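In the working numbering, the protein residues as written are 2 to 161. Glycine included, every Cβ here is placed at the ideal spot set by N, Cα and C. Being a predicted model, the structure only gives us computed values, none of them experimental. To keep things clear, I will list the structure first and then write my remarks on it.
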Amino acid sequence: MGFTTPCFIRKNTPELRKKLKELGYEILNSGDTTLDAHNYDGKGSHKSIEEGKAIITSYGNLYGVVYDVDTVTKKGRIDCGTNEELFLAIAALRDDTNYMQWFVCTSDYKESDGKEWKVGDFDLNTCPDDFDNILPHWRKATVNELIEHFKDKKEQLCVE
Numbered sequence: 002m003g004f005t006t007p008c009f010i011r012k013n014t015p016e017l018r019k020k021l022k023e024l025g026y027e028i029l030n031s032g033d034t035t036l037d038a039h040n041y042d043g044k045g046s047h048k049s050i051e052e053g054k055a056i057i058t059s060y061g062n063l064y065g066v067v068y069d070v071d072t073v074t075k076k077g078r079i080d081c082g083t084n085e086e087l088f089l090a091i092a093a094l095r096d097d098t099n100y101m102q103w104f105v106c107t108s109d110y111k112e113s114d115g116k117e118w119k120v121g122d123f124d125l126n127t128c129p130d131d132f133d134n135i136l137p138h139w140r141k142a143t144v145n146e147l148i149e150h151f152k153d154k155k156e157q158l159c160v161e
């Protein structure tokens with residue numbers, strides 16, 4: 002139970018690592034170095050996470066920084082290019098909560114005066130919730146829907 006969809010982004014910033022922590026990820030590291038086998042420098046130590054080229058999410062609730070993107074792409078992880086919004090949307094997908102996940106409206110309805118929803122509208126659930134709580138008119142966005150939703154963003158996508 003937990004995070005469901007391995008993915009990676011072709012960038013590594015302190016801000017991205019902080020956002021992953023806020024989603025509930027923990028870094029796969031010891032101090033300032035990652036323990037990912039692909040990051041071993043061949044000289045007895047591991048590279049600093051600050052040198053990383055990509056961040057991946059694929060170790061349950063852990064994330065790592067990798068240097069050999071070719072190795073990552075062979076493992077079936079979703080390549081988010083440099084699109085931070087897409088990466089965070091896919092990285093947030095879980096089966097034990099709805100928090101910080103994108104939802105798609107399934108039927109037209111009026112939420113309140115001045116707030117109407119149409120089929121296909123997207124909304125980010127930022128409210129902590131009880132997973133058993135049913136959200137009428139909404140369902141979680143699929144990976145393909147997230148890719149389509151974020152593809153028009155300025156950041157480059159490398160997904161196919």
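- Give the straight-line distance between the Cα atoms of isoleucine 56 and phenylalanine 9, rounded to the nearest whole angstrom. Locating residue 56 in the sequence shown gives position 55, where the first residue counts as 1. Locating residue 9 in the sequence shown gives position 8, where the first residue counts as 1. Going from the Cα of isoleucine 56 to the Cα of phenylalanine 9 covers about 6 angstroms.
- Query: What are the start and end residues of the beta strand (DSSP E) that includes phenylalanine 123?
  - Reply: Taking the first residue of the sequence shown as position 1, residue 123 is located at position 122. For phenylalanine 123, the enclosing beta strand (DSSP E) has its first and last residue at 123 to 126.
- What first and last residue would you give for the alpha helix (DSSP H) that runs through valine 144? Your numbering for residue 144 matches position 143 in the sequence shown. Run containing valine 144: 144 to 151, per the alpha helix (DSSP H) assignment.
- DSSP state of arginine 140 mapped onto helix, strand, coil: Here residue 140 is taken as the residue at index 139 of the sequence shown, counted from 1. It is a strand residue.
- Item | For lysine 20, the three-state DSSP class (helix, strand or coil) | Numbered from its first residue, the sequence shown carries residue 20 at position 19. DSSP places lysine 20 in helix when its eight states are reduced to three.
- Message: Is it the case that the stretch 7 to 25 contacts the stretch 75 to 87, given that we only count it when at least three CB pairs across the two stretches are under 8 angstroms?
- Response: Because the criterion of three Cβ pairs below 8 angstroms is met, the stretch 75 to 87 and the stretch 7 to 25 touch.
- Message: Residues in the same chain with beta-carbon distance under 6 angstroms from proline 129, minus the five sequence neighbours each way, listed in chain order, please.
- Response: Taking the sequence shown and counting its residues from 1, one reaches residue 129 at position 128. If we look at proline 129 and ignore the five residues flanking it on each side, its Cβ neighbours are Tyr100.
- Message: Between Phe151, Ala93 and Lys152, which has its C-alpha nearest lysine 141's C-alpha?
- Response: To locate residue 141, count along the sequence shown from 1; it is residue 140. Nearest option by C-alpha distance: Ala93.
- Query: Does the distance from the C-beta atom of phenylalanine 151 to that of arginine 95 stay below 7 angstroms?
  - Reply: Counting from one through the sequence shown, the residue named residue 151 turns up at place 150. Counting from one through the sequence shown, the residue named residue 95 turns up at place 94. At the C-beta level, phenylalanine 151 and arginine 95 stay beyond 7 angstroms of one another.
- Task: Could you tell me which residues DSSP puts in a beta bridge with valine 105?
- Result: Within the sequence shown, residue 105 is the residue found at index 104, counting from 1. Among the bridge pairs identified by DSSP, valine 105 is matched with Phe123 and Arg140.
- Proximal residues to lysine 111 (C-beta, below 7 angstroms), its chain only, five neighbours per side dropped: One-based indexing of the sequence shown puts residue 111 at position 110. Glu117.
- Item | Residue range of the unbroken alpha helix (DSSP H) whose run includes phenylalanine 88 | Here residue 88 corresponds to residue number 87 of the sequence shown, with the count starting at 1. It spans 85 to 92 - the alpha helix (DSSP H) in which phenylalanine 88 sits, taken as one unbroken run.
- Answer with buried or exposed for leucine 21, where buried requires no fewer than 16 other C-beta atoms within 10 angstroms of its C-beta. As a first step, residue 21 is located in the sequence shown; it is residue number 20 there, counting from the start. Classification for leucine 21: buried.
- Query: Considering only the beta carbon of each residue, do leucine 125 and tryptophan 103 sit closer than 7 angstroms?
  - Reply: The count along the sequence shown starts at 1 and reaches residue 125 at position 124. The count along the sequence shown starts at 1 and reaches residue 103 at position 102. The Cβ atoms of leucine 125 and tryptophan 103 sit closer than 7 angstroms to each other.
- Message: Tell me which residues share the same chain as aspartate 122 and place their Cβ nearer than 8 angstroms to its Cβ, disregarding the 5 neighbours each side in the sequence.
- Response: Numbered from 1 along the sequence shown, position 121 holds the residue referred to as residue 122. Excluding positions up to five away in sequence, the list reads Val105 and Cys106.
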